[in-house]
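Participant: First the structure, then my questions, so here it is.
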Amino acid sequence: QLVQTAPPVVKAKAILSMSLLLDRSPSWFGVVAEMKLLVHLEKLARERDAYLNSCFQRLLVAVSDAAPTVFDGVTAEVQRFAALPATAGVDITVSPFVTVLLDVMKSSVLRPRVLTRKAVTQLSVMIGCMASGKLVHCEDLSRVILLAAEAVSQHVSLLEQFAAEITSNMFP
């Protein structure tokens with residue numbers, strides 16, 4: 004709520020605190036997901052306060068630096084779930100990093116900063132696992148992967164830029 008309703012200086016300090024925590028460890032993305040901070044980035048990008056804007060830019064750098072670790076973790080989780088037998092009763096708990104992946108892909112402020120060739124390759128691998136039927140026991144995970152892919156697919160320039168990575172991993 005600080006990010007939504009507080010005065011600019013308080014917002015800036017909250018954002019700067021989160022930036023410093025992300026610099027310390029990408030595991031703080033779980034807190035970012037719980038706070039729904041990434042959802043408010045577009046609104047923060049329009050703020051006119053110079054200090055708030057400076058802190059916001061620092062947050063973007065921290066998120067951009069930590070995003071590859073999150074993508075690595077989500078990709079490893081997808082591959083781990085894909086290796087499980089497709090039996091009934093498998094209890095799947097999806098990490099909060101999966102929702103962070105979706106929030107990052109949906110954010111017009113973050114997407115250009117974090118969508119690298121490696122990230123697109125990882126997303127393609129996730130879609131490939133899902134398309135092969137290996138994630139039938141992970142409905143939530145499959146839904147998030149599809150929503151992240153949809154967010155990327157709405158930008159033709161991204162599809163053109165990363166066409167080779169997308170096709171080579173989805174259609175080997």
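Residue numbering for the sequence shown follows our numbering, starting at 4 and increasing by one per position. Glycine included, C-beta positions come from ideal geometry on N, C-alpha and C.
(1) Leu-23: buried (16+ other C-beta within 10 angstroms of its C-beta) or exposed?
(2) Measuring only the C-alpha atoms, how far is Val-128 from Val-112?
(3) Are the CB atoms of Leu-25 and Ala-65 nearer to each other than 8 Å?
(4) How about the region 26 to 33 and the region 66 to 77: do they share at least three Cβ pairs that are nearer than 8 Å?
(5) Mind reading off the beta-carbon distance from Arg-116 to Leu-63? Whole number of angstroms is fine, and I expect it under 8 Å.
(6) Since Ser-22 is in the alpha helix (DSSP H), which residue starts that stretch and which ends it?
(7) To the nearest angstrom, how far is the alpha carbon of Ala-141 from that of Leu-55?
(8) Between which residues of its own chain and Ala-166 is the CB-CB distance below 8 Å, once the five residues before and five after are set aside?
Facilitator: In short:
(1) exposed
(2) 24 Å
(3) yes
(4) Yes, since at least three Cβ pairs between the region 26 to 33 and the region 66 to 77 fall closer than 8 Å, the two stretches touch.
(5) 6 Å
(6) Segment 11 to 27, the alpha helix (DSSP H) holding Ser-22.
(7) First, the residue type needs correcting, since residue 141 is Cys and not Ala in the sequence shown. Roughly 40 Å separates the two Cα atoms.
(8) none
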